[in-house]
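Residues -20 to -1, 1 to 320 in mature numbering (1 follows the signal peptide of the UniProt record, and there is no 0) are what the sequence shown spells out, letter by letter.
We put the CB at the ideal spot given by N, CA and C, even for glycine.
Keep in mind the model is a prediction, meaning the values are calculated, not measured.
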Amino acid sequence: MQVKHLLLIAILALTAACSSKEVVDENLSEVELYQQAQTDLDNHSYTSATSKLKALESRYPFGRYADQAQLELIYANYKNAEPEAAKSAAERFIRLHPQHPNVDYAYYLKGLTSFDQDVGLLARFLPLDMTKRDPGAARDSYNEFAQLTSRFPNSRYAPDAKQRMIYLRNLLASYEIHVADYYLTRQAYVAAANRGRYVVENFQETPSVGDGLAVMTEAYQRLHLDELAATSLETLKLNYPNHPSLVDGQFVPRVAEADNRSWLSKATLGLIESRPPLPPGETRANQDIMKQYQDAKDAIPAELKSKNGNSDAIEEENHEAEGNNSDRSWFSYMTLGVFD
C-alpha cells in the first residue's frame, strides 16, 4: 500500500512540475479576484488561489481586500506545501501590520508551517522516528508558538499552540537523549554527561529527564567520578524508581563497556596481545621516545664505543643517567633536557 502511495505522489509531483503557470485575467475586478480566490480555496486548488491572491495584492494594494488577501496567501502557501513561501508571507504580514486584529493568525500559521515542515510526504507513509531527525524545524516551531502565547495569551489559537509546544518540548528532549547515547557508544563520556545534564536542567517535566539522569550516571561511572555517579544514581532512584536502567534497584548500563583491544587480540581471544597495557602514569608517546633513544644507542658502531678506554665507566655513567632520567617526561626527551 505504501508503494502505491509513493507512486501516486511521484506522478502528481511530475504533473505539477510540467503544468504551466496560470495566467490571471487582467480585466477582473478586485471583488471578482477575491471571490475566485475564495472558490479556489474551497475547492483545495491552492496553486490557483495563490496566483489570484498575489494578483489581487499587486493590482489593488490599498483595496479593502488587500490585508485579507495577504493573510489568506499565508494559508494558501501552507496548504500548498510551500513552507518557505508561507513563512515569508507571514513575516511580511507581521512586519507590515503589527497591530492588525488578526496578526495572531499570522504568528500561528508561521509556527504551524515549521511544525509540519519535517512531516513531509515520505514521512507520512514511512515509519520515521522524528526524535532522531534534525530538530531545527521543531525548535523554530517551538519558538514561534512561544511568541504567539506570550504576545497574545488570550488568542483563540493559544490553547492549540500550547499543546503543540508540549509535544515539541518532549521531542527536543528525546533528541538530546539520542545524541547522548551516541556519545556513550563513541566513548565520549564527558560530552554524554553534558548532554544528560542539559536535559535534566532544561527539560524538566518531560519523560526524558529520567533518561538524562541514567546517561549522567553511566557517563560518570565510565569516567570513575564516583561521587557524581552516586549522586545521579540516587536522584534517579528517588524520582524514577521504575526506570528501565534500574533492575532490582541496581543500575544496569545501557551501553556495554567498549573493548579497546586490537583486532589481533580479539581474534585470538587475548592469546596474542599486540601491545601490553600501560603502567599507571605511562603514555604511548613516552614509550615511543624511549624506544627511539635505545635504537639510536644500539646503532652506534662498536669501534666508536671502544675508542675511549674508560668505556666501562662511561657505560656505568649512562646507566646512572638513565636511572636519573627515568622520571623525565617525553617533552624533556624531545628537547634534550633544554627545558627541564
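Inter-residue CB distance, residue i and residue j (contact presumed, cutoff 8 Å)
i: E198; j: R234; result: 7 Å
i: A141; j: L128; result: 5 Å
i: F95; j: R144; result: 6 Å
i: L8; j: T30; result: Contact flag wrong, Cβ pair sits at about 15 Å.
i: H77; j: D47; result: 6 Å
i: H158; j: G190; result: Rounded, the Cβ-Cβ distance is 15 Å, inconsistent with contact.
Cross-strand partners of residue i (DSSP beta bridge)
i: Q230; result: V227
Per-residue burial, residue i [other beta carbons within 10 Å of its own, 16 or more giving buried]
i: K32; result: buried
i: A279; result: exposed
i: H272; result: In the sequence on display, residue 272 carries Gln and not His. Exposed: under 16 other Cβ atoms inside 10 Å.
i: A293; result: Reliability of the predicted coordinates at A293 is poor, the pLDDT of 46 falling under 50, and the value obtained from them is presented with this limitation in mind. Classification of A293: exposed, given that the 10 Å Cβ count is below 16.
i: L102; result: Here L102 scores only 47 on pLDDT, less than 50, and its place in the model should not be relied on; the value that follows carries that caveat. Under this definition L102 is an exposed residue.
i: Q230; result: exposed
i: G116; result: exposed
i: P63; result: buried
i: Q16; result: buried
i: residue 379; result: Residue 379 is absent from the model: the chain starts at -20 and stops at 320.
i: L218; result: exposed
i: D22; result: exposed
i: D228; result: exposed
i: D20; result: buried
i: Q184; result: exposed
i: Q167; result: exposed
i: S212; result: buried
i: A49; result: buried
i: A209; result: buried
i: Q274; result: exposed
i: A282; result: exposed
i: A118; result: buried
Residues of its chain near residue i, where Cβ-Cβ distance is below 6 Å and the 5 sequence neighbours each way are ignored
i: G43; result: E10
i: A160; result: A172, R175, G176 and V195
i: V179; result: A153, E156, S188 and G192
i: L203; result: Y169
i: S135; result: D84
i: Y26; result: A56, K59 and N60
i: Y162; result: none
i: Y220; result: G190
i: A70; result: I54, A86, L89 and K90
i: F132; result: D84
i: L164; result: A172 and V235
Cβ shell of residue i (< 7 Å), same chain only, five flanking positions each side left out
i: T215; result: L193
i: Y88; result: L128, Y137 and A141
i: P187; result: N150
i: D206; result: none
i: S225; result: A194, F231, V232 and R234
i: Y45; result: E10, Y14 and L36
i: Y200; result: A173, L208, A209 and S212
i: Y40; result: E10 and A46
i: A65; result: N57
i: A301; result: Note that A301 has pLDDT 47, beneath the 50 cutoff, so the model's placement of it is unreliable and the number below is only indicative. So the list is empty, once near-sequence residues are dropped.
i: Q97; result: P63 and A117
i: H80; result: D47
Beta-carbon contacts of residue i that lie in its chain and below 8 Å, excluding the five residues immediately before and after
i: K67; result: K90, T93 and S94
i: A126; result: M145
i: L51; result: F73, N82, Y85 and A86
i: E124; result: Y87, K90, G91 and S94
i: A276; result: none
i: H24; result: K59
Cβ-heavy atom distance, residue i to the ligand PLP, below 7 Å
i: Q50; result: Among the components of this structure there are no ligands whatsoever, and the ligand PLP is therefore not found.
At 4 residues or longer, what runs of the alpha helix (DSSP H) sit wholly inside the stretch 137 to 206?
138 to 165, 169 to 182 and 189 to 202
If you scan the stretch 38 to 67 from start to end, which runs of the alpha helix (DSSP H) of 4 or more residues do you find wholly inside it?
46 to 59
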